[in-house]
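**Q** Residue numbers (my numbering), protein chains in the order written: chain A, 1 to 491; chain B, 492 to 982.
Every residue gets a Cβ at the ideal spot worked out from N, C-alpha and C, and that includes glycine.
1) Give every residue of the same chain whose Cβ lies closer than 6 Å to the Cβ of residue 708 of chain B, excluding the five residues on either side of it in the sequence, and list them in chain order.
2) So, for residue 562 of chain B: in the same chain, excluding its five sequence neighbours on each side, which residues have a beta-carbon less than 7 Å away from its beta-carbon?
3) If you reduce the DSSP assignment to three classes, tell me which class residue 442 of chain A lands in.
4) Strictly by DSSP, which residues pair up with residue 453 of chain A?
5) Mind checking who residue 820 of chain B pairs with in its DSSP beta bridge?
6) Check whether chain B comes within 8 Å of residue 271 of chain A, counting only Cβ atoms and requiring the distance to be less than that.
7) For a test of the three-state rule: what should DSSP assign to residue 382 of chain A, helix, strand or coil?
8) Give the residues from the stretch 155-173 of chain A that approach chain B closer than 8 Å (Cβ to any Cβ), ordered along the chain.
9) Leaving out the 5 sequence neighbours to the left and right, which residues in its chain are closer than 8 Å to residue 50 of chain A when beta-carbon positions are compared?
10) Ignoring anything shorter than 3 residues or poking outside the stretch 710-779 of chain B, list the beta strand (DSSP E) runs there in chain order.
11) Which first and last residues belong to the beta strand (DSSP E) in which residue 701 of chain B is found?
12) Is residue 521 of chain B close to chain C, meaning its C-beta is less than 8 Å from at least one C-beta of that chain?
13) Between residue 901 of chain B and residue 725 of chain B, how many whole angstroms is the CB-CB distance? I'm expecting something under 8 Å.
14) Flag this pair as yes or no: are the beta carbons of residue 666 of chain B and residue 93 of chain A separated by less than 8 Å?
15) Can you grab the Cα-Cα spacing for the pair residue 684 of chain B / residue 535 of chain B, in whole Å?
16) Does any C-beta atom of chain B lie closer than 8 Å to the C-beta of residue 252 of chain A?
17) Following the continuous beta strand (DSSP E) through residue 377 of chain A, name the residue where it begins and the one where it ends.
18) Using a Cβ-Cβ distance cut-off of 8 Å, determine whether residue 556 of chain B contacts chain A.
19) From A/297, A/323, A/388, pick the residue whose C-alpha is nearest to that of residue 200 of chain A; which is it?
20) Is there at least one Cβ from chain B nearer than 8 Å to residue 118 of chain A's Cβ?
21) Between residue 90 of chain A and chain B, is there a C-beta pair that is closer than 8 Å?
22) What is the C-beta distance between residue 779 of chain B and residue 503 of chain B, in whole angstroms, given that I count them as a contact (C-beta under 8 Å)?
23) Along the chain, where does the alpha helix (DSSP H) that runs through residue 530 of chain B open and close?
24) Across the stretch 351-362 of chain A and the stretch 370-387 of chain A, are there enough close Cβ pairs to call them in contact, namely three or more that are closer than 8 Å?
25) Would you please verify whether the beta carbon of residue 95 of chain A is less than 8 Å from any beta carbon of chain B?
26) Is residue 474 of chain A close to chain B, meaning its C-beta is less than 8 Å from at least one C-beta of that chain?
27) Beta-carbon separation of residue 654 of chain B and residue 770 of chain B under 8 Å?
28) Taking the DSSP output, what are the residues bridged to residue 396 of chain A?
29) Could you compute how far the alpha carbon of residue 206 of chain A sits from the alpha carbon of residue 237 of chain A?
30) Does DSSP put residue 157 of chain A in a helix, in a strand, or in coil?
31) Given this structure, state the Cα-to-Cα distance separating residue 240 of chain A from residue 225 of chain A, to the nearest angstrom.
32) Over the uninterrupted beta strand (DSSP E) stretch that includes residue 118 of chain A, give me the two end residues.
33) List the residues of chain B whose Cβ lies closer than 9 Å to the Cβ of residue 345 of chain A, in chain order.
34) Residues of chain A with CB closer than 8 Å to the CB of residue 562 of chain B, please, in chain order.
35) Tell me whether the stretch 64-79 of chain A and the stretch 124-137 of chain A touch, counting them as touching only if at least three CB pairs, one residue from each stretch, are closer than 8 Å.
36) Can you give the Cα-Cα distance for residue 856 of chain B and residue 804 of chain B, rounded to whole angstroms?
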């Protein structure tokens, strides 16, 4: 913690990288594109996982586990899917090493070549639908609602910690239904689960909507998504949910007999969020001093820093701290009392600011005389002195307030940085000088979408659920349009 | 659930395979050696994970995540380690596929060959110690106590669901310490954590001990293990904990400066348990009717089966069932009320027996008249009628009793099937006709250990902690021995 971070206003990208490093969240490994998620970063991810997992179970899903490896031939069974996924993958070709001729190194044993290469899963639709074929015979086997927490690999060329890595952690839900309507409802419901999670836990507002055809998941009939706006005015796709139609059922020949004994193909969905949410969390709330965490996901809620000279003062402060810790523990509020004797209070203050601990309590000799404590909020950086009596209740309320404040702040930011634009000049101008979300009319063609992307790097993030029907003209071609779509440059 | 299982006494191996299949625990995938863990099996594993994870955290460990891939050259850095692990591994050689000449299939792009092959982790010591080098500079960075939940791959030729699969799920703890003593204590402590888990949660007694030199983990100075005895008289290694000395610190050059500024190599441990524990759980308690689960790990504790004619009877029974369900929910007891109208009670009874649900409650018209319910224990198969009034308390106590009974039964089995043997004839005789654990004297040489293994397939499972010092003669060579060791044929 010797030095601070680059300022966001001067070097946003450098600020992010340094923050991830200095807050001990993650680091690059020597393996190209793969990250090491460090304990503090992983604790935040575990908190996310635990909330999401409970939500999935509440909505009727069960966890299961499918193989890491996918036979190469599976990938080509669903035509659109292979086009989108089969390209940049890790390929296992051999199953044995042997000692090299120098007697020390190891080399791949050329005799241990696999008959069919195995792909490290980039997503699991194919291997899972291959199992579903065995599991589904009758309408009584439906709906089948399964989730998997897993690691996946996509051989990305340009990687950034959490935002884009070759290996990442995620969950993938894969459900099978008897009717199209039920599958569509499931895909929509899971998008709501994601949106509720990002708003209520990550304190990150999102725009819910449909992807355009060219931005859909490879193999999906419809992709629903949540899009969040980062502090630098760029969008980040935070989660997707796909209605897969009968595409995978047909590719893997998964039929069921309905109540009348008639054979039908099964309807499918898949949906996922990943460690990318960690990047979104950081980019939404953090500041020039470091990470800012919403209390509901913070591994440590309160850091207590004693300011003292000598053992006696420390012991007196410790009594107050331990009492506070015990009181807060009853509300599942996690307190760290930092009595490390080799670090100065100033160092500790900076450290907990860097790590985004929502509340810091400092207790010094004068506080002990007055029966007070100094309480600092990480979100606003405000400090205030409170009586030690009743402090636990005060902190409990303060944590709720911080959670709410972070969401409101992010909502305000999103509102202020969402601009309606009605012509091409304004579009380019807003994109260049203001950034953020742009609501504009589009003629509905992939051709126009592509041209806009080529000329400005802006993409259609989604067709928002709440975009109202109105007459308009495409900002690029002037052709008629019925509703605005959401444009932005994106992560 | 059309047919039952093979009898254990007639075909133990077939019984196990069929049980795993019929209880919906897991199945083979089309990918050689890789399994699909089905929702019911995964729910049991999740319960195991959650208990173990809490125990790891209580003992000061944090979770983190390291890359799936290990550069080939890392494996050869620790000489003993590469010897033990580098041989049967999945090797990634390419990172891209392309469309084949037929325009449909996909083929490996020969131009996308990795400069250095990547190994899918068979265990993570090497990749983790490569990170620890960056994380550890001073004694203030120690101890470093990290655990990882992950999938690993070892290219096994003969696989059995849960017991031996190419890919499996596990946790691997990796700790770094300033002193040899502290590292040894950590390795010993984690073995106690495992033993406590297997006894108190899995209801599976274990023998704690040291591995002989030839059975040690590749790269360890000492391997501690817990060995359990399965119903067929074969041993199963349920968990290991390794004191790694300074071997990995030296291989990856991980030094720390002590309080006096002197540079020292770090001392290490690693320890793990895996989905193999699922196999152990099944093989310890289950019977010819199916799975038997200790209540502490059961995904469903109580199944309520209504026996009725018509909606009115069902509705009356449902009221009683829902009340019971709510009362038990307060004690975290999970109840399934099975009012499926298309299955007969007899089918449901067999189904819940197959799935090892600890308690089954049947409520029929006569029960409704008498205000009673029939309660069946899965462990003893005993049935008894109880008043509906106070039934929740009765069931709560019964679940504790079942947990205890399963442990006692397994302990008795282990005691009865542990035989002291003092000569070679008796050794072969007991091994052949009785099986189980054999406590016998051994001269302490790897040569003798190997010969016994070659001649009988029995291995030294461990040198038990509680084996007392006594004069004796090696059963094979007659040479002097100071203590008995534990022999068995093993999974």
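**A** So, from the data block:
1) 714, 733
2) 607, 609
3) coil
4) Beta-bridge pairing links residue 453 of chain A to no other residue.
5) According to DSSP, which records beta bridges pairwise, residue 820 of chain B is partnered with nothing at all.
6) no
7) coil
8) 155, 167, 169
9) none
10) 713-720, 726-736, 746-748, 754-756, 758-765
11) 698-701
12) Chain labels in this structure do not include chain C; the protein chains are A and B.
13) Wrong, their Cβ atoms sit about 14 Å apart, outside the cutoff.
14) no
15) 19 Å
16) no
17) 372-377
18) yes
19) A/297
20) yes
21) yes
22) About 11 Å separates the two Cβ atoms, so there is no contact after all.
23) 530-549
24) yes
25) yes
26) no
27) yes
28) Its beta-bridge partners do not exist; DSSP assigns none.
29) 9 Å
30) coil
31) 4 Å
32) 113-120
33) Those within 9 Å of residue 345 of chain A in chain B number zero; the least Cβ separation is about 18 Å.
34) 30, 31
35) yes
36) 7 Å
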